[in-house]
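Step one of this worksheet: look at the structure below.
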RNA sequence: GGGCGGAUAGCUCAGUUGGUAGAGCGCUUCGUUUACACCGAAGAUGCCGGGGGUUCGAGUCCCUCUCCGCCCACCA
């Protein structure tokens, strides 16, 4: 069969992939040598939100290269594929889809909605899988995993036990005291109406304003306000009946619990402990709040006085916690000012009592709605405007002189002080809306404790992070880690395995009473008002049965699970009225942060919590290949969970991977980050269609420099598409010359210098490729192979071999064998990078016992220094001849003899041995010995020989002179440098011997070269 | 406010213990030599961001400055 002129990637890629799958080529352990070491990569599971972008193509190409490389080397190899349920992101996709037909999530029951998301999951998963296959990813698809497999509601075909693993981990951590529930200030996303973790918040600088308002002192009191400059000179002294406050968020003033000043701020010392009035809301019952001291306010900033709104600001929260300042929740889950039907509360008396040390429970405080009627239901930013207007109209805004004031005009002399200011504002990374700090009950992981082992593992090298600069980032984050908020108010995800029931008061004699003591509760715990603030008893259990039996035991009565908290409250009401005879309980409606389950990926995919054979074989995994953007989200969490749950035979924690290779980002044409939500993603399939998967893969590999972002350009991909064609044609050439695949053992026999040379070159290329891959220097490996295949094999070996392949040449058989072998080596070495074309060629040439996907990776070495020297000399001579011909504008068709004026013994032998190919490639069919260079001959640069081309009449003398002068200039410059260097005593004394020797050699060569050039110039002068 | 990365040929970028500045693309000239025009041959192009230092020797190490990019961070 004859090969086509070009490789038709589009036609054969699918066939080849299907053949690999049919052969089970990617199965765990396929092609493993007996007793082989394991090599395992866990795919970073793509989100089931849609399709893959080029970043995924990059990431998976690198994984596939390593996987195929190890598989060919006989390792017990597993590349574990799968996808991530990506809670918030996937739910968002489905909700967006519903919105197109004017429907919302709440038009469905939770169950029905989740079923819709499963449909999305299946669609997306199929799509992703197809894309990975198009790329040539050699995953073991029979083991495909999903972070929510086996969860309730999973359709047929989505079985698995990942859900079990997640619940087990949650319950275990809970029992170990590493998961806790608490009312804390969390990042609240008003769009999705859920809490999110710190990591899911993007802080961006935006244009904002800072308003300055007067908080009047209670009862019209006054004090002397004195300002001094740095030298202590009084710059302002006035009588004030207010304290000035600066804020960027006036709408939160309604929830202020205090005004704080620095303890050493002399300006306010006289009013500390007094009360001031929040200047907003109905005048008749405005709230009074205390002026307190706290180290937090910076006296140099603003007025030095800070309003403390514990429920809506992270800084204020810590101050409020510290100072026992009440925190008043002002907004609902959508970011609207609370409108819950409760009357506006006159809190001034309460505030006074609190200032005097009388405490209220959080639950009670949370029930207070401090939003005045006219602001209720308004979106937070609308409320802000109203508050500003109201304060300003009352004259309680701090004012400054109007710079535009004109006594003749209408402009007022004083205007409110509003500073335009850049402020850092938090945004949801998915929703892109402004995050609202909110006080809510959430579940947290005690990340600090989990981080200890994760840190230690990297510190002591059990897990290596490459490139190393990322280690620092990892350390910094883990060392200052905060509790991880893991509950999400979503429907898509692993539901928190905790069940709540009414709180029992008289339980002191109950055998399980110790489990009650940790609960916070209201003063009237029998009435759990719908605040989700506690007041419940709860049980954390892997199954509902366990939870039910626990509550049954507590109550000594039948227990029924209500579908939601809302339903529970209805039933509880009926219970109190004696209408039902069972105790209602309900399951926590929140789901877990998607990263909580992703964190279990390295062992959850291997069957944990069951003790599977795969777990024993492949954990800890070998390498994780991932982007730096998820070091915190994912890598750190896997390290935490892995070291927490996986142990070796001695009980020591086992890390999830030996090496983490952090690759850079693939950016779009503008160098911008690609993101699913921004929609600027490139479709790798389009690139595959246009250039073939091999070209795309090779491009990505060749650009995979550690730690540096890459910008993908199609011209580069086209270049590697050409490389695919080049390889294809080299193989075609071999086939046409009767060089089939190498079937023998070991290396082919080679006596010809040329053949020994290319075998040595191949060995070096192999070693360089191995070294590159072993060091994760994909670019070095790829570029080295490119240079070898194109620059060595195609440019030189094939050309030089042509004479030897001529019919009847004594070395024909040997050369055919070596050529066949060399092509095979190229295919094998390139296979991890370009699996399709290499498999296609492999299948066409020679009798194969197995596919290249399982071909043996070479390990030979076979250097031949004298062959290298000889071929190097010949190549140099040919290049010199071509160069001279081109520069002298000799017609390509002109056949010229090569004149040998003088040549050493070795050089003479080389000229003899390679006369045919020098003649062919240099277009110098005859070699003639001659005593002296004739007139008009151009001297060639050839070490150890004086050779020239008789170009009399063909030569443009001026051009030749220019050429010689230019060359001489270069050589002279080098000579000068070398002479100076070798004349330097300290250089000779301090530089290593080999460096000195090398310089001497270079000097000798340069001197020879210079004298040859001078001689040629002299001859030229005679001619002229 | 901390931390990290980058500045090398027109463009995109390599350059791993300091020892003759490289690749791809682009550009110029030439080419129907039977593997390949997705090709071949030849060629041009660099104060390796500025300044200082260490060294026999610095693109490479140290200090400093300038300009980009990114990450983290609670200044109202």
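Residue numbers (this note's numbering): 54 to 1077.
No residue lacks a Cβ here, since even glycine has one placed at the ideal position from N, Cα and C.
Delimiting residues of the beta strand (DSSP E) encompassing residue i
i	result
residue 256	254-269
residue 293	287-293
residue 342	341-346
residue 511	First-last for residue 511: 500-512, but that is the alpha helix (DSSP H), not the beta strand (DSSP E).
residue 277	276-281
residue 95	91-95
Cross-strand partners of residue i (DSSP beta bridge)
i	result
residue 637	613
residue 237	493
residue 677	713
residue 472	263
residue 541	644
residue 100	137
residue 593	551
residue 330	341
residue 432	389
residue 297	267
residue 314	346, 358
residue 517	712
residue 487	480
Limits of the alpha helix (DSSP H) - the one that residue i falls within
i	result
residue 133	No alpha helix (DSSP H) holds residue 133; the beta strand (DSSP E) holding it covers 129-133.
residue 164	163-188
residue 619	618-629
residue 927	918-940
residue 879	865-883
Straight-line Cα distance separating residue j from residue i
i	j	result
residue 941	residue 1025	22 Å
residue 296	residue 319	13 Å
residue 956	residue 775	41 Å
residue 26	residue 960	Any question about residue 26 goes unanswered here, given that the chain covers just 54 to 1077.
residue 832	residue 879	17 Å
residue 125	residue 691	29 Å
residue 1058	residue 881	40 Å
residue 310	residue 491	15 Å
residue 933	residue 951	12 Å
residue 794	residue 819	18 Å
residue 1007	residue 1056	33 Å
residue 923	residue 1031	27 Å
residue 493	residue 622	19 Å
residue 357	residue 268	13 Å
residue 917	residue 898	28 Å
residue 965	residue 764	50 Å
residue 801	residue 868	9 Å
residue 244	residue 343	34 Å
residue 770	residue 112	17 Å
residue 90	residue 602	47 Å
Between the stretch 118-129 and the stretch 154-170, do at least 3 Cβ pairs fall closer than 8 Å?
In this structure the stretch 118-129 does not lie against the stretch 154-170, because fewer than three pairs of beta carbons, one per stretch, are closer than 8 Å.
I want to know whether the stretch 735-742 touches the stretch 528-543 - three or more CB-CB distances under 8 Å.
Contact between the stretch 735-742 and the stretch 528-543 is absent: fewer than 3 CB-CB pairs across the two stretches fall below 8 Å.
Counting Cβ pairs closer than 8 Å, one from the stretch 512-525 and one from the stretch 702-721, do we hit at least three?
Touching, per the Cβ criterion.
Would you call the stretch 883-897 and the stretch 748-764 in contact, with 3 or more CB pairs under 8 Å?
The answer is yes - the stretch 748-764 touches the stretch 883-897, with three or more Cβ pairs under 8 Å.
Could you tell me which whole alpha helix (DSSP H) segments of length 4 or greater appear in the stretch 817-842?
Counting whole runs of 4 or more residues, the stretch 817-842 contains the alpha helix (DSSP H) stretches 831-839.
Identify every run of the beta strand (DSSP E) within the stretch 962-992, keeping only runs that are complete inside it and at least 3 residues long; order them along the chain.
Positions of the beta strand (DSSP E) runs, each at least 3 residues long and wholly inside the stretch 962-992, are given as 980-982 in order along the chain.
Specify whether the stretch 69-89 and the stretch 651-660 touch according to this definition: at least 3 beta carbon pairs, one from each stretch, less than 8 Å apart.
Cβ pair count under 8 Å is below three, so no.
Sequence ranges, alpha helix (DSSP H) only - wholly within the stretch 1025-1062, length at least 4
Runs found: 1038-1043.
I'd like the ranges of any alpha helix (DSSP H) spanning at least 4 consecutive residues and lying wholly in the stretch 724-796.
Complete alpha helix (DSSP H) runs here, min 4: 737-744, 746-755, 767-789.
Does the contact criterion of 3 or more C-beta pairs under 8 Å hold for the stretch 379-386 versus the stretch 299-315?
A contact exists between the stretch 379-386 and the stretch 299-315.
Are the stretch 154-174 and the stretch 529-539 touching by the rule of at least three beta carbon pairs closer than 8 Å?
Segment contact: the stretch 154-174 against the stretch 529-539, fewer than three CB-CB distances shorter than 8 Å; contact not assigned.
Does the stretch 478-491 come into contact with the stretch 256-273, if we say contact requires no fewer than three beta-carbon pairs (one atom in each stretch) closer than 8 Å?
These segments touch.
Touching or not, the stretch 912-922 and the stretch 814-831, by the rule of three or more beta carbon pairs under 8 Å?
The stretch 912-922 vs the stretch 814-831: in contact.
Counting Cβ pairs closer than 8 Å, one from the stretch 984-1000 and one from the stretch 1057-1074, do we hit at least three?
Between the stretch 984-1000 and the stretch 1057-1074, the count of Cβ pairs shorter than 8 Å is three or higher; the stretches touch.
With three or more C-beta pairs closer than 8 Å as the rule, is the stretch 218-238 touching the stretch 435-449?
Segments in contact, no.
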